[in-house]
Structure formats: structure tokens, C-alpha cells
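Structure record follows, encoded as C-alpha cells.
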Amino acid sequence: MRELNDPDFGARFLVAENGSDVLSFIRLIKEGASTSGILAFDFETNALKEDRVNPLEDSILSCSFCFDDKVAYAFRLQSKNKWLYDDNVVNCIKEFYEWILNNKNIKKVIHNLKFDLKLVWRIVGKYPLVNDSSWEDTMIMAYLLDENNSVGLKRLASRYLNLDGFKYERMVLEVGKISNMSSLDWYIVSQYNCADSFMTYKLYYVLLDKMKADDLFDLYEKLCRPLLLLLLETEIIGFKLDIDYLKQKRMWYRDKLIELEREMSKIVGFNFNPRSVKQLRKVFESLSLSGKIDKFGKTGFSTDKNVLAKLSKQGDLVFVDKLLEFKKSQKISEFINGLLEKQRDGIISTNFLLNGTVTGRLSSREPNLQNLPRGAEVRRAFISRDGCKLVIADFEQIELRVASFYAKDKTMLDIFKSGGDIHSRTAIECFKLNCSEKEVKEKYPDLRVKAKGVNFGILYGLSPKSLAEYINVSIDDAKDYISRYFYLYTGIKDLIDKTRSSVIENEYVENIFGRKRRFLGLKNLVKSKGLNDEEVSSHLREAFNFLIQSTAVDICNLSIINVKKGVLENNLDAKLLVQVHDEQIWEVVNSGVERFCSILKSESEEVIGGFKTPIDLRICNSWGDKYAD
DNA sequence: GCGATCACG
DNA sequence: ACGTACGTGATCGCA
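For the first sequence, the numbering used here gives the first residue as 3, with consecutive numbering after it.
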């Protein structure tokens with residue numbers, strides 16, 4: 003055993019040097035954590051591929067533990083995925099992690115919970131379930147307290163802890179210089195590891211107090227923590243892919259892109275790379291098309307698909323159409339290639355971030371499963387495992403419903419209550435149509451699409467100009483539509499005004515669950531620059547959009563948690579595979595599908611009392627089935 | 001590393 | 001008179 007004390011931390015950092023040290027550490031940690039009722043821990047890992055951290059594959063180097071503010075313990079685990087100890091010690095380490103998992107009387111505190119629990123899963127093959135309340139994530143706690151700043155452990159340590167972080171920062175710099183942890187001096191890694199679990203321990207109490215003071219504790223306990231554990235399962239099990247289908251498509255698109263490239267070169271008269279904006283501009287000039295383009299970026303005129311679509315409307319330009327097709331195919335093939343690259347044994351696993359957005363939405367990474375192209379082309383590859391079905395649930399128009407809920411707008415509430423069509427109703431008012439709601443769909447489908455644009459635009463805090471561009475009408479018309487909209491839905495207008503004045507006064511907005519979006523300094527900004535300043539109005543748009551978007555997504559996520567609890571209570575086998583904001587996909591064992599669907603309906607439709615959101619439910623074999631006609 | 005582009009809700 | 005839709009992540013080409 004070696005002691006690596008550090009005066010800056012005021013704590014003892016103890017490092018095991020052999021198997022018997024490890025065994026005595028385990029005894030001490032069990033004893034200490036049982037007494038204090040709390041255990042912070044942290045792993046160090048080594049990415050196999052540089053810059054691509056993957057807890058399901060990376061080498062597990064070491065771990066550290068801290069149960070009071072006096073001492074932290076660290077010991078090594080593996081090197082190149084091989085244990086560093088004999089079987090007896092390895093078994094004791096595994097038993098120790100099982101003990102941690104099973105002991106619900108001890109609070110386990112981790113910075114970035116899902117990451118470390120994936121490593122625990124690799125070691126003992128188990129993970130905690132949604133209803134286990136003995137886990138804490140300081141990263142998510144910090145995010146709820148401040149959605150605008152970094153939640154990295156080092157930053158938090160200097161922001162919240164009354165502790166000279168100088169040495170820590172320097173140590174981090176040293177470690178940061180060498181991205182490959184395994185090539186570091188082992189004692190430096192251990193010291194760093196100890197510092198991390200020690201920081202996590204200290205942070206927990208500070209953040210807990212702040213959360214309670216800010217009324218965020220309920221949101222954390224009832225939503226964030228269960229959601230973290232639920233998504234842990236989602237990420238561990240992954241989504242099954244039809245690899246043969248993807249490989250076949252990859253070939254097909256490879257040929258198609260080469261062919262399109264050849265055809266375009268033939269038309270233009272020289273070879274060029276259609277993926278390069280720079281080369282594309284040259285091509286547009288040689289075809290005398292550049293004069294028709296009125297959209298510009300920092301580096302020159304735009305060649306994006308909206309510009310191309312406009313050009314295409316003006317005349318039959320074979321080249322422009324081929325380029326549009328090329329861009330679309332290129333994009334799809336990027337998705338296909340990405341999936342094939344990242345899948346392991348036919349399973350694709352994403353990483354959901356709870357702190358990836360300022361609105362409480364999740365984000366999804368490596369790969370992003372929340373932005374797959376609509377339609378069956380790519381989604382058909384996402385299939386259920388043998389003996390299972392996919393149950394796909396969509397919340398219908400949840401954001402508009404949330405808006406009507408907050409606004410208490412009688413007109414809009416009535417439309418939703420009676421099962422009316424909100425877009426048709428808006429179309430009638432904005433475009434002065436003289437027909438019934440039902441007739442709008444048949445007689446004026448294009449106007450209904452435009453009304454849909456108005457409905458969504460309102461939630462984003464639209465301007466006449468942007469609305470005009472979006473639904474392709476004149477600015478004067480757009481102005482007219484907006485004023486008619488507010489005449490019809492006066493409650494919405496009042497809600498927007500109320501939200502604006504309250505965010506200027508308080509410098510934050512808060513939704514019904516207590517989630518906050520903070521705009522520090524807004525009051526002064528308004529004072530010095532006025533309400534029409536671009537930065538100010540941008541914040542005001544964000545504020546209103548936050549209210550709607552955050553509430554909608556909190557409802558969706560609460561429904562997921564309720565459903566999963568129902569699944570466990572009823573002993574069903576159903577796991578969430580992916581969440582795309584207002585869409586959930588579950589994998590359910592065939593025999594339980596019917597009961598699962600009734601649980602989903604009953605647990606989801608009324609998450610807030612008195613506020614119902616209808617759900618579109620489908621039972622599918624693949625994600626693509628949703629788009630089959 | 002950044003701009004442009006494009007995929008999603 | 002003026003001007004911006006809200007929230008994300010991935011990839012490509014090019015300095």
C-alpha cells in the first residue's frame with residue numbers, strides 16, 4: 003500500500019500495490035460505507051480507439067472509492083482487458099461490486115452514473131433497475147442547477163467546492179496531455195482517480211443542498227434518477243439491426259452515387275466533387291446559375307437543397323435535379339455506413355445524454371438515433387429480436403396540447419377535447435376559409451400544410467419574415483396570418499406575453515415540474531438595449547419555447563418511467579429501445595404485447611391530472627413498418 | 001478546428 | 001426600418 007497525500011485536498015489518498023492490499027481495502031470500504039451510508043466511486047478507463055470512449059469496450063484500468071471526507075482508496079483492475087490479480091482476488095472484487103449493487107441502504111454517488119454502471123455491468127453482469135433509489139449522479143444534479151455551464155468534475159470542483167483546485171487542475175493537465183491512460187505512471191493515475199471520487203463525494207452534499215433550495219429535488223428524484231437507470235438498460239441491450247439488409251443497401255448506394263457523379267460530370271463537362279461546396283460553386287458559375295442565387299453565407303453563395311429546390315422550380319434543370327438526388331443519397335449512405343461501422347454483433351447501442359440540451363430533452367450520440375431519416379429506407383434495418391415485437395408509441399401534437407394547457411385557451415382546449423383537427427381549424431381562421439374542418443383536408447390540403455407551419459411557428463416565437471420564408475408567402479400575408487392566429491387563440495397570445503414579462507423580471511422560466519431555464523443578466527440587457535435588440539428577442543423566444551418544449555418532454559419521459567414500473571409490477575418483459583422526444587420504441591416479448599399495450603395506454607395518457615395526450619400505438623417488426631402504407 | 005450542409009422532433 | 005423561427009449531432013472539405 004502506498005499513501006499519496008496531497009495537502010491541497012486535505013485528505014489521504016491510499017493506493018493498493020498488490021492483491022492483499024486490495025482485499026484489505028475492500029474490507030475497509032465495506033465497513034466505512036456501511037457506517038456512513040454513502041459511497042462515492044469512480045473508474046478510470048482506457049479508450050481502445052483514440053478519442054472514442056466506449057464503456058462497453060474500453061479497458062477498465064482502475065477504480066477508487068470515498069465514503070468520508072478524510073480518505074479515498076484506489077486499486078487497479080485490468081490491463082488490456084485482463085485482470086491483474088489471481089482468481090481468488092478477482093472473485094472478491096466481483097463479489098464486492100455485487101455487494102454494492104445489492105446494498106440499497108448505501109447511497110452510491112457517481113459522476114456520470116450510466117458510464118460507470120456500464121463498467122460494473124461488464125464486471126458482474128448486473129445493473130440496477132428503474133425503481134432503485136440508492137444511486138446518485140452529481141453530473142445530472144449539477145445540470146439541473148445550471149443548464150448553461152459545463153458539468154465536468156473539474157469545473158464543478160472549482161465552482162462549488164471551497165477547496166484550492168490548483169493542484170487538481172495541474173494534475174488534470176498532466177493526465178490530459180497523454181490521452182492514453184495506460185501509458186501513464188500508475189501512481190499518477192491512482193492519485194487522479196482518488197481525487198475524482200473524493201470530489202464526487204464532496205460535491206454530492208453541496209449540490210444536494212442547492213437542489214433542495216432551488217426546489218429541484220422532486221424533479222431529480224421522480225424523473226432524472228429513474229430515467230438514468232432506465233436508459234442504462236436501453237444502452238446496454240441496444241437495438242438489433244438487419245445487417246444483411248444494410249450491407250445490400252450500402253452496395254446499392256455506392257453504385258448509385260458513382261453513377262450520379264458520372265452523369266453530372268458529363269453535363270458540366272468536367273470532373274468535380276459534388277461533396278465540396280467550393281467546387282460546386284465553380285460548377286454553378288460555369289453553368290451560369292450563380293446569378294440566380296440570393297442566399298449567402300460567410301464564404302460565398304449557398305448551394306444547399308433549398309436553393310437547389312428553388313432553381314429546380316424555375317425550369318427543368320437536369321443537373322440541379324441530379325444534384326438534389328445525389329445529396330439525398332449521399333446523406334442516406336452516410337447513415338448506413340455509420341450504423342455498420344458502430345454496430346457490434348448486429349446490435350447498435352447509442353449513448354443518451356440527459357444533460358445534452360438546455361430544455362431537458364435528451365440527445366443521442368455515437369450514433370445519434372434521434373435523427374434517422376424518416377421513412378423505411380434506413381429505419382427498416384431496426385428490427386425486433388426473435389420472439390419479440392416492437393411497440394412504437396407517439397404522443398400526438400403534444401407541444402400544442404401543452405401550450406393550450408398552460409394558456410387555458412378555451413378555443414384550443416375545445417378543439418383538442420372534441421378530437422378536432424387543430425391545423426384545419428387554424429387554416430379556416432388564417433385563410434378565411436368558408437368550409438367545415440373536415441373539408442379543409444380535401445379542399446385545401448396546401449393551406450392546411452401552411453396552417454401547420456403557423457401552429458408550429460408560434461411555439462418557436464416566429465417572425466413574419468421567417469414564417470413567410472418557411473411557408474412560402476409574402477411577408478404581409480404572414481403578418482396577417484399571425485394576427486388572425488392570435489385573434490383566434492387569445493389565450494396563447496396572453497401566455498406568450500406573460501412568459502416574456504416574467505422572464506425579464508425573474509431572469510428564469512420554470513415549467514410545471516420545476517425545471518428551469520436561466521437567463522442571467524437578461525434584466526440589465528433589456529435595460530441597456532431594449533426589447534427589440536436581437537439578443538434580447540432571441541432570449542425571449544427561447545424562454546417561451548422552453549416552457550412548451552421542456553414540459554412536453556418531461557411528460558414523455560415520466561410516461562416512460564410509469565410504463566416501466568408497470569412492466570416490473572406485472573412481471574412483463576419489455577425494454578425501452580429508443581426515445582425520440584415524443585416517440586418511444588419498446589421491445590416486448592410476444593406473449594406480453596397485449597398487456598403491455600394496455601399498461602402503456604393507461605400509464606401514459608394522463609401524466610398530469612386533468613391533462614390528456616392521446617397516443618398513437620403500433621405493433622411492428624421493424625421501425626420501418628411505421629411507414630408502410 | 002470551423003463552416004456548410006442536412007438529418008430529426 | 002429592421003430582422004430571427006426552437007432544440008439537437010454527424011459528416012465532409014478545407015484551411
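The beta carbon of each residue, even a glycine, is placed where N, CA and C say it ideally should be. None of the values given here were measured: they were computed from a predicted structure.
Distance, V91 Cα to K116 Cα = Whole-angstrom Cα-Cα distance: 26 Å.
- Message: Less than 8 Å between C-beta atoms, sequence neighbours within five positions excluded: which residues of the same chain meet that for V609?
- Response: Within the same chain, V609 has close Cβ partners I557, L560, S561, N564 and T615.
Kindly list the residues whose CB is nearer than 7 Å to the CB of F613, restricted to its own chain and excluding five residues on each side of it in sequence; keep chain order. The answer, listed in chain order, is F407.
**Report entry** Neighbourhood of R8 by C-beta distance below 8 Å, restricted to the same chain and skipping five residues each side
**Finding:** Looking at the sequence shown, residue 8 is not Arg but Asp. Around D8: F15, K169, Q193 and A197.
**Prompt:** How about A49 and D60: do their beta carbons lie closer than 8 Å?
**Reply:** Contact: yes.
*Rounded to a whole number of angstroms, what is the C-alpha to C-alpha distance between C390 and R161?*
Roughly 48 Å separates the two Cα atoms.
Fill in: Residue environment, M213, which counts as buried when at least 16 other CB atoms sit within 10 Å
Classification for M213: buried.
* Using CA coordinates, which residue listed in S468, K224, S604 and D627 is at the minimum distance from G516? -> Distance check between G516 and each of S468, K224, S604 and D627 places K224 closest, using alpha-carbon atoms only.
> What three-state label does DSSP hand T615 in the structure shown?
Replying inline: Under the three-state reduction of DSSP, T615 is assigned to coil, being neither helix nor strand.
* Asked: In chain order, which continuous runs of the alpha helix (DSSP H) of length 4 or greater are located wholly inside the segment 464 to 511?
  -> 466 to 473, 477 to 490 and 492 to 508, all fully within the segment 464 to 511.
Which runs of the alpha helix (DSSP H) fall wholly inside the segment 362 to 446 and span at least 4 residues, in chain order? Listed in chain order, the complete alpha helix (DSSP H) runs (minimum 4 residues) inside the segment 362 to 446 are 378 to 381, 400 to 409, 412 to 419, 424 to 432 and 439 to 445.
*asked:* Can you give me the C-alpha to C-alpha distance between D478 and Q316, rounded to a whole angstrom?
replied: Each residue's alpha carbon lies about 23 Å from the other.
**Candidates E33, I334 and N623: closest to Y255 by CA position** = Closest option to Y255, Cα to Cα, is I334.
Practice problem: Would you mind sorting E343 into buried or exposed? The rule is 16 or more other CB atoms within 10 Å of its CB. | Solution: Exposed: under 16 other Cβ atoms inside 10 Å.
Check: Just to confirm, are E431 and R486 a CB contact at a threshold of 8 Å?
Finding: Here E431 is near R486, since their CB atoms are less than 8 Å apart.
query: Whose CA, out of V309, K330 and F241, lies closest to the CA of W625?
result: When only C-alpha atoms are compared, the closest one is F241.
If the criterion is Cβ atoms closer than 8 Å, does the pair K566 and L232 meet it?
Contact flag set, yes.
Quick one: Cα of C437 to Cα of G422, how far?
-> Taking the straight line from one Cα to the other gives about 14 Å.
Are there 16 or more other CB atoms within 10 angstroms of the CB of K251, so buried, or fewer, so exposed?
In the assembly as shown, K251 is a buried residue. Its beta-carbon has 16 or more other beta-carbons within 10 Å.
Spatial neighbours of W588 in its chain, beta-carbon cut-off 6 Å, leaving aside the 5 residues before and after: Around W588: V393, A576 and L578.
Inset, instruction - Have a look at V442 and R403 and give me their C-alpha separation to the nearest angstrom. - result: Going from the Cα of V442 to the Cα of R403 covers about 21 Å.
Evaluate A395 with the Cβ neighbour count: other Cβ atoms within 10 Å of its Cβ, from every protein chain shown; 16 or more gives buried, anything less gives exposed. With 16 or more other Cβ atoms within 10 Å, it is buried.
Practice task
Helix, strand or coil for E5, going by three-state DSSP, please let me know.
Solution key: Shown here, E5 sits in a strand according to DSSP, grouped into three states.
* Close Cβ partners of E131 (< 7 Å) along its chain, the five nearest in sequence each way excluded -> For the record, residue 131 in the displayed sequence is Leu; it is not Glu. These residues qualify, in order along the chain: L231 and L570.
(Q) Please classify A13 as buried or exposed, where buried requires at least 16 neighbouring CB atoms within 10 angstroms. (A) A13 is buried by the Cβ-count criterion.
C-alpha gap between M141 and G154, whole angstroms:
Take the alpha-carbon of M141 and the one of G154: they are about 7 Å apart.
message: Can you confirm whether the segment 63 to 71 touches the segment 79 to 91 when touching is taken to mean that 3 or more C-beta pairs between the two stretches lie within less than 8 Å?
response: Touching, yes, given that three or more Cβ pairs across the two stretches are closer than 8 Å.
Exercise. Quick one, are the C-beta atoms of A42 and V111 less than 8 Å apart?
Worked result: For A42 and V111, yes; Cβs fall inside 8 Å.
- Could you name the residues of the same chain whose beta carbon sits closer than 7 Å to that of S288, not counting the 5 residues immediately before and after it, in chain order? Once the five neighbours on either side are set aside, the close Cβ partners of S288 are V270.
Grouping DSSP H, G and I as helix and E and B as strand, with all else coil, what is V360? Coil, per DSSP.
Notebook entry, point to check: Would L549 pass as a contact of G463 if the rule is Cβ separation under 8 Å?
Noted result: No. Outside cutoff.
Assess, as a yes-or-no matter, whether the segment 203 to 217 is touched by the segment 84 to 104 under the definition of 3 or more beta carbon pairs within less than 8 Å. Contact fails: fewer than three Cβ-Cβ distances are below 8 Å.
Using DSSP with H/G/I as helix, E/B as strand and the rest coil, what is Q316?
Correct three-state label for Q316: helix.
Worksheet item: To the nearest whole angstrom, what separates the beta carbons of L6 and V17, a pair I think is in contact under 8 Å?
Response: That belief holds up - the Cβ atoms of L6 and V17 are roughly 6 Å apart, short of 8 Å.
- Task: Measure the alpha-carbon distance for G377 versus D482 and round it to whole angstroms.
- Result: When only Cα atoms are considered, G377 and D482 end up about 35 Å apart.
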